[in-house]
Amino acid sequence: MKVLVVEDDFELARTLKRALEDDGHVVDVASDGVTGETMASVAGYDVLVFDRMLPHKEGQEVVRDLREAGVSTPVLILSALDGVEHRVQGLNAGSNDYLGKPFNTDELLARVRSLWHGRDRNGPVTRLQVGDLEMDLLARTVHRGGAKIDLQPREFRLLEYLMRHAGQVVTRTMLLEKVWDYHFDPQTNVIDVHISRLRAKIDRDFEVQLLHTVRGSGYRLEA
Amino acid sequence: MVFLALVFALLSYVYYATAFQVSKEANDAVLREYRLLESTYDSGGLRGLNEQVVERSAAPGPLYYLLADQDGKVISGDYDQLPRLPASGSQSEWGEFPVKVTTEDGVEEHKTYAHFGRLLNGPILVVARDMRESAAAASRMTKALTYAAGISVAFSILAGLVAAWLASRRVELLSETTRKVMAGDLTHRARVEGWGDEFDLLAQNLNDMLARLEKQAHATRTAGDAIAHDLRTPITRLRQRLDEALGSTPDAEADREALRYAREETDRVLKTFNAVLQLSRLNSAESWRLTRLDIAPIVEEMAELYEPAAEEAGLVMTKGRASPMMVLGHAQLISQALANLLDNAMKYTPKGGRVHLSCGQRADGRLEIRVADSGLGIPPADRERVKERFVRLEANLSSHGAGLGLALVDAVAELHGGDFLLEDGLASGAGVGLAAVVVLPALDGRDGQRFR
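Sequence lines, in order, name chains A and B.
Residue numbering for the first sequence is 1 to 223, as defined by this note's numbering.
Residue numbering for the second sequence is 1001 to 1452, as defined by this note's numbering.
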């Protein structure tokens, strides 16, 4: 997919471009807010990655103006200002995700992919399926190979998020933010334990494992 | 001036009120005498009354008498003739008459205030008091009042001078304190006299402010050293490792290992760096939007998040009953503080231990979130110190973490106008354990007052 990176730090822009290209995307780079806004409103990008502090025009302002102009391309804001308050401001301005600097490259790639997939499903989804694992969002039930699996409400939400992002790497931070709505990283690996409990319920009795651990990054649900 | 006018007005009031009271009492005495004589007449007739009047007017006393027959002819008494009585239909009334009094200096005419009336069958009875008597009483009173006024004015002027002197002296003391602080001595404190007045309040506020400033200055000072240590050390280590890798003969596997190490080390540095940044944001005046929220579900959700990890670590995690507890707060920050406490509890509680998470109302009406564990605990002497930034106890220096976890909890508690306490926890074989308590001001219907 096509990604626009607007970042004034040349070295960081270069690294981002390469990382995204390695991940299979087509990447354009702009180095100031005004150029970024023009490019974003003209060319058909799938995802926009904006730095917050940009020359000529602040990233957050650009996003607000783009949204007012009717551009609905998903936006990820990168910023050194990553306090909870700043995140909320950024999201209120119309961006879809917010990542604090410095960040882990895998984290960024996972989020960019997730933005694109998130956009894909526009109609209301009532059923999710990954391999022989099925989730009915209305009845709140989960079946694998026809057998019913009982999940706690939180496990259900965790699995729902993983299924909605099937095939993609989902980081621990993403899970904490999207499933638990916590915007900080605990020291203890609390998420890992929740994942292993979920894994015990959906994978233990089956030959094919669906929930994979991606070393150093996070998890991926895949048939 | 206003004060003097007030004193004058008050004294005038006292004078008039007292003078009124004096003449009222004198009139009452006259009236009583009149009634008494009236009853003498009823029982003893004109003769009995006459005896009484003769006897009384002869005796020295403040009252004057007159008895006249129905035609107005004087029978007995102090007056040489019947005064001209106002024509009136009523039985008895009051009037002012002169009377001649024989004194050592001769004959004087005194004004009298008299009660008079016609008795049954017509005789006229007059009982009067000397108006000079009450005038003299009034003048005595005026004199006393004048003295009192003089003394009180003198006293109030003196008191005013003393108060002004004291006030200026205390202002001088306070400004002396601020001068010393401005000169750089943050440890100086204003003296609180303990009188509980506005100056004490001001001095106390000044001291609280100074304590806070001193704490921050201290934190900044130690943070400088600590940052130097905590960031420079890993960066130096990283640098050495990279030097080593560059200096040795190329080996793909060893190089990759060095790179992995480099990544982990930078991640640690970045984590510390982020934590420092967040702490300074919490400590700075930056305004955090606090909203009305219930901390019971926050505690509930945090327990749910940590419970599996605790079980995995061989700990028993329990939680207390939670009822709605409203505070003015920041949900993310409270959650993060709680996560730090749970991280710590899990890190320092040996396998088989317990962690108890609860929230409730304290005896003083404030609310608390309590994380109690049966772990190693912290010696009471160190409990204050561990809340400071970058402080790690000797015993744990080897463990990871920059020593910022409790500092963050402390900062979050302070941001909410609360306190962060470390107390004895759950007793076990290993010791008394540790209870970390975040105290927050309650926000409810009755005393839902909050500042900030």
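Built from N, CA and C at the ideal position, the CB exists for glycine as well.
Beta-carbon separation of Ala1407(B) and Glu1388(B) under 8 Å?
Glu1388(B) sits close to Ala1407(B), with the two beta carbons spaced by under 8 Å.
If you measure from the beta carbon of Asp1410(B) to each beta carbon in chain A, is any gap under 8 Å?
no
Proximal chain A residues relative to Glu1304(B), where beta-carbon distance stays under 8 Å
Residues of chain A passing the Cβ test: Arg154.
Flag this pair as touching only if the region 1408-1416 of chain B and the region 1324-1338 of chain B have three or more C-beta atom pairs under 8 Å; answer yes or no.
yes
On the DSSP letters alone, give me the boundaries of the beta strand (DSSP E) that Leu76(A) sits inside.
Val75 to Ser79
Quick check: the region 90-110 of chain A against the region 14-22 of chain A, are at least 3 beta-carbon pairs closer than 8 Å?
Short answer: they touch.
Given Tyr45(A), which residues of its chain have a CB within under 6 Å of its CB, disregarding the five upstream and five downstream residues?
Contacts found: Lys2, Leu4 and Thr73.
My understanding is that Ala1322(B) touches Glu1300(B), with C-beta atoms under 8 Å, so please give their C-beta distance in whole angstroms.
6 Å
Would you give the residue range spanned by the beta strand (DSSP E) that Asp1294(B) belongs to?
Thr1291 to Asp1294
Interface residues of chain A facing Glu1312(B) [CB-CB closer than 7 Å]:
Val193
So Ala1372(B) packs on His1356(B), CB below 8 Å; how close in whole Å?
Yes, Ala1372(B) and His1356(B) are in contact; Cβ-Cβ is about 5 Å, under 8 Å.
For Met1317(B), return the contacting residues in chain A, with the cut-off set at a CB-CB distance below 9 Å.
Those within 9 Å of Met1317(B) in chain A number zero; the least Cβ separation is about 12 Å.
Classify His194(A) as buried or exposed, calling it buried when 16 or more other Cβ atoms lie within 10 Å of its own Cβ.
buried
Compile a chain-ordered list of the residues in the region 163-184 of chain A whose CB is closer than 7 Å to at least one CB of chain B.
Trp180, Tyr182, His183 and Phe184
Do the region 1112-1128 of chain B and the region 1144-1159 of chain B touch if we need at least three Cβ pairs shorter than 8 Å?
no
Just verifying my parser: in three-state terms, what is the DSSP assignment at Gly1196(B)?
Three-state result, Gly1196(B): coil.
Does the Cβ-Cβ distance between Ser1134(B) and Val1022(B) come in under 8 Å?
yes
Cβ contact check for the region 1171-1183 of chain B and the region 1196-1212 of chain B: 3 or more pairs under 8 Å
yes
Closer than 8 Å to chain A by CB, Pro1441(B):
no
Start-to-end residues for the alpha helix (DSSP H) that takes in His194(A):
Val190 to Ile202
Can you tell me whether Glu1257(B) is buried or exposed, with buried defined as 16 or more other CB within 10 angstroms of its CB?
By the 10 Å Cβ count, Glu1257(B) comes out exposed.
Step through the CB atoms of chain E and report whether any lies within less than 8 Å of the CB of Gln187(A).
Among the chains of the structure shown, chain E does not appear; the protein chains present are A and B.
As assigned by DSSP and simplified to three states, the class of Val1269(B):
Val1269(B) sits in a helix when the DSSP states are folded into three classes.
Residues of its chain near Leu1011(B), where Cβ-Cβ distance is below 6 Å and the 5 sequence neighbours each way are ignored:
So the list reads Leu1145 and Ala1149, once near-sequence residues are dropped.
Reducing DSSP to helix, strand and coil, say where Pro1380(B) ends up.
helix
Ignore the nearest five residues each way along the sequence and tell me which others in Gly167(A)'s own chain have a CB closer than 6 Å to its CB.
Glu222
Asp1419(B) and Ala1435(B) - do their beta-carbons sit closer together than 8 Å?
Result no, Cβ atoms of Ala1435(B) and Asp1419(B) do not sit closer than 8 Å.
Short Cβ contact (8 Å threshold) for Arg272(A) with Leu211(A)
Residue coverage of chain A in this structure runs from 1 to 223, which leaves residue 272(A) outside it and unanswerable.
Say whether the region 91-106 of chain A touches the region 54-74 of chain A, bearing in mind that this needs 3 or more beta-carbon pairs closer than 8 Å, one atom from each stretch.
yes
Rounded C-beta distance between Glu1214(B) and Thr1249(B)? I'm assuming under 8 Å.
About 56 Å separates the Cβ atoms of Glu1214(B) and Thr1249(B), ruling out a contact at the 8 Å cut-off.
Chain A contact residues for Gln1332(B), given Cβ-Cβ distances below 8 Å:
Val84, Tyr182, His183 and Phe184
Looking only at C-alpha atoms, which of Val1054(B), Thr1349(B), Glu1198(B) and Gly1329(B) sits nearest to Val1432(B)?
Here the closest residue by C-alpha is Thr1349(B).
Can you give me the C-alpha to C-alpha distance between Glu1093(B) and Lys1143(B), rounded to a whole angstrom?
33 Å
Kindly say whether Ser1398(B), judged by its beta-carbon, lies nearer than 8 Å to any beta-carbon of chain A.
Legend: pLDDT at Ser1398(B) = 44, less than 50; position of this residue unreliable, no value from coordinates given.
In the DSSP assignment, what are the bridge partners of Phe1116(B)?
Answer is Glu1093(B) and Val1126(B), bridged to Phe1116(B).
Got a sec, what are the start and stop residues for the beta strand (DSSP E) Leu1341(B) sits in?
DSSP places Leu1341(B) outside any beta strand (DSSP E); the residue lies instead in the alpha helix (DSSP H), whose first and last residues are Ala1331 to Tyr1348.
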